[in-house]
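The next block holds one structure in the form of structure tokens; read it before the comments.
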Amino acid sequence: MTKTKSQGTVWVAMSWGKSTMDTSTPNGSKVERRFFRTPAQARQLAHEFTRHLPQPAKVEVGLFELLMNAVEHGNLGISASEKQKLMSEDRFVAELEARLSDPRFENRQACLEVTRTAFSVIFSIKDDGEGFDWRGYVADGGPSGASSLESGRGIMIARKVGFERVEYVDPGNQVIATALLQPED
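This is the structure we're talking about:
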């Protein structure tokens, strides 16, 4: 059981897939939180929270990329260059599985907070990692030079395909992505 404090509210995570807190705000928006730590859980959450949106497939792809960044780079500490090397050696999946059970990382979780308003769905993802310098990845055009082929692909996909806005919070272990809803007539 994990206790976490956010914005003056304490909630308890008993199981990754359980809603740890469902609330409605005074302005009528609904907030839900889920904790996750594996790629399978990230996939399930991306599908669950996007299937009723106007363009579910696009937002699901973008959300999954951001959730996986939290797992791989945030909680498991796999750098972009390390991931590239592991993938070129066909060892990435094995390393991912090893780190998920490594005592240094096995208690790390990420939190997905979803806020639904009348006009948007806001996804806030926070991991237990140290963060990263995100500024070069969210500038117009994304990463420059050869590094764009090696890192930042998930952020670029989320920005170009899934969301109207993608913003990071210092120190870089939290991202907020906004999908706009089509207003009903």
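With the sequence shown counted from 1, adding 32 to any position gets you the numbering used here.
Glycine included, each C-beta is placed from N, C-alpha and C at the ideal position.
If you're wondering where the values come from, they're calculated on a predicted model, not measured in any experiment.
Should residue i and residue j be called a contact, given that it needs their Cβ atoms to be closer than 8 angstroms?
i	j	result
F155	V146	yes
V93	G184	no
E127	L118	yes
V201	V170	no
T70	V103	yes
Select from the options the residue whose C-alpha is nearest the C-alpha of residue i.
i	options	result
C143	T149, S152, D159, E129	D159
L213	V63, Q73, A72, Q87	Q87
L85	R148, Y169, A171, F164	R148
R65	V170, E196, E162, Q141	Q141
A190	L95, R69, L108, P58	L95
K192	F164, N59, T210	T210
F68	I157, V207, E199, V198	I157
K62	A112, F124, G204, S152	S152
D134	E114, Q116, I110	I110
G168	G161, M188, A150	M188
H105	I208, G163, V207	G163
P203	T82, E196, W166	W166
G161	Q116, A150, D122, V207	V207
P58	L108, N205, E196, A150	A150
E132	E114, N107, F81	The amino acid occupying residue 132 in the given sequence is Leu; Glu does not appear at that position. The candidate whose alpha carbon is nearest that of L132 is N107.
A72	A89, V125, S120, E114	V125
G186	K115, G60, E121, D122	K115
Considering only heavy atoms of the ligand ZN, does any lie closer than 7 angstroms to the CB of residue i?
i	result
E97	What this structure holds is no ligand at all, so the ligand ZN is not there to describe.
- [ ] For the stretch 148-212, list the alpha helix (DSSP H) runs that are entirely contained and at least 4 residues long, ordered along the chain.
- [x] 167-170, 179-182, 185-189
- [ ] Indicate whether the contact test is met: 3 or more Cβ pairs, each with one atom in the stretch 92-103 and one in the stretch 74-84, closer than 8 angstroms.
- [x] Because the criterion of three Cβ pairs below 8 angstroms is met, the stretch 92-103 and the stretch 74-84 touch.
Task: Segments of 3+ residues assigned as beta strand (DSSP E) that fall wholly inside the stretch 68-154 - done: As far as the stretch 68-154 is concerned, its whole beta strand (DSSP E) runs of at least 3 residues are 142-148.
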